[in-house]
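Shown next, in structure tokens, is the structure this report addresses.
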Amino acid sequence: MTALKYLQAYPATLQDQVRQLIAEGRLGDYLSQRYPEKHGVQSDKALYTYALDLKQEYLRNAPAIDKVLFDNRLDLTHRALGLHTAISRVQGGKLKAKKEIRIASLFKDAPSGFLKMIVVHELAHFKESDHNKAFYKLCEHMLPGYHQVEFDLRVYLTWRDMQ
12 MTALKYLQAY
22 PATLQDQVRQ
32 LIAEGRLGDY
42 LSQRYPEKHG
52 VQSDKALYTY
62 ALDLKQEYLR
72 NAPAIDKVLF
82 DNRLDLTHRA
92 LGLHTAISRV
102 QGGKLKAKKE
112 IRIASLFKDA
122 PSGFLKMIVV
132 HELAHFKESD
142 HNKAFYKLCE
152 HMLPGYHQVE
162 FDLRVYLTWR
172 DMQ
């Protein structure tokens, strides 16, 4: 039986369906059929604009984003596909907080739905710090079908490991 490290938290029936697609050699076809389009976001500047547009549409009252970039150091060994950080510094008599989002560079070549899911996930952390019910409700609001895209992203990571 194939170990599916990205899908361990999912029910055995779903894991068995993925194993069946792997055995039949159809996992890549499944993914390309569901996510045929690639995105055009290839630079840090374009990623910043992309994230800012999503923030403006859904999270107008959230703190401003200071930096958004693709990070070569984020990878699956650190179990991080994206990171959000808030760095606070004292400048003079004021406390300045900078909000940053870092997205793993592997998403430069991923389908557009996966990039959007990761950006939505990191933006949601500006409102909800924990992975709780309110957090996932916000993710679902910003990206209808969020949970399916997250599952498919894990299937995509499984497929990438097989390549």
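Going from the sequence shown to this note's numbering is simple: count from 1 and add 11.
Each residue gets a CB set at the ideal place from its N, CA and C atoms; glycine is no exception.
Item to check | Enclosing beta strand (DSSP E) for Ser99 [first to last residue] | outcome: For the purposes of this step, residue 99 is identified with residue 88 of the sequence shown, where counting begins at 1. That run of the beta strand (DSSP E) goes 93-102.
Item to check | Beta-bridge partners of Ile114, as assigned by DSSP | outcome: As a position in the sequence shown, residue 114 is number 103, starting the count at 1. BP columns for Ile114 point to Phe81, Gly93.
Checklist entry - In or out: Lys110 buried (at least 16 other Cβ within 10 Å) or exposed? => result Against the sequence shown, residue 110 aligns to sequence position 99. Buried is the label assigned to Lys110, since at least 16 other Cβ atoms lie within 10 Å of its Cβ.
Checklist entry - Ala177: buried (16+ other C-beta within 10 angstroms of its C-beta) or exposed? => result Because the chain is modelled from 12 through 174, residue 177 falls outside the range shown and cannot be assessed.
Checklist entry - Where does Ala108 fall in DSSP's three states? => result The sequence position of residue 108 within the sequence shown is 97, counting from 1. The answer is strand: DSSP assigns Ala108 an E or B state.
Checklist entry - Going straight from the alpha carbon of Pro47 to that of Gly124, what length do you get? => result Locating residue 47 in the sequence shown gives position 36, where the first residue counts as 1. Locating residue 124 in the sequence shown gives position 113, where the first residue counts as 1. Each residue's alpha carbon lies about 10 Å from the other.
Next on the checklist: Per the DSSP calculation, Lys49 is bridged to which residue(s)?
Outcome noted: Within the sequence shown, numbered from 1, the residue matching residue 49 stands at position 38. DSSP output for Lys49 lists Pro122 as bridge partner(s).
Item to check | Alpha carbon of Glu57 to alpha carbon of His136, nearest angstrom | outcome: For the purposes of this step, residue 57 is taken as the residue at position 46 of the sequence shown. For the purposes of this step, residue 136 is taken as the residue at position 125 of the sequence shown. Checking the displayed sequence, the identity of residue 57 turns out to be Ala instead of Glu. So the two alpha carbons sit approximately 21 Å from each other.
Item to check | Buried versus exposed call for Leu164 [16 or more other C-beta atoms within 10 Å across all chains shown] | outcome: One-based indexing of the sequence shown puts residue 164 at position 153. Around the CB of Leu164, 16 or more other CB atoms lie within 10 Å, so the residue is classed as buried.
Item to check | Nearest-angstrom Cα separation, counted from Phe118 out to Leu126 | outcome: For the purposes of this step, residue 126 is taken as the residue at position 115 of the sequence shown. For the purposes of this step, residue 118 is taken as the residue at position 107 of the sequence shown. Straight across, the Cα-Cα distance linking Leu126 with Phe118 is about 6 Å.
Next on the checklist: Using a 10 Å radius around the Cβ and a threshold of 16 neighbouring Cβ atoms, would you call Glu35 buried or exposed?
Outcome noted: One-based indexing of the sequence shown puts residue 35 at position 24. Exposed is the call here.
Checklist entry - Excluding the five sequence neighbours on either side, which residues of its own chain have a C-beta within less than 6 Å of the C-beta of Ser116, listed in chain order? => result On the sequence shown, position 105 is the one that residue 116 refers to. A distance below 6 Å between beta-carbons, with the five flanking residues on each side excluded, links Ser116 to the following residues of its chain, in chain order: Phe81, Asn83.
Next on the checklist: Counting C-beta neighbours from all protein chains within 10 Å, is the total for His132 16 or more, i.e. buried, or is it exposed?
Outcome noted: Mapped onto the sequence shown, residue 132 falls at position 121. By the neighbour-count rule (16 or more Cβ atoms within 10 Å), His132 is buried.
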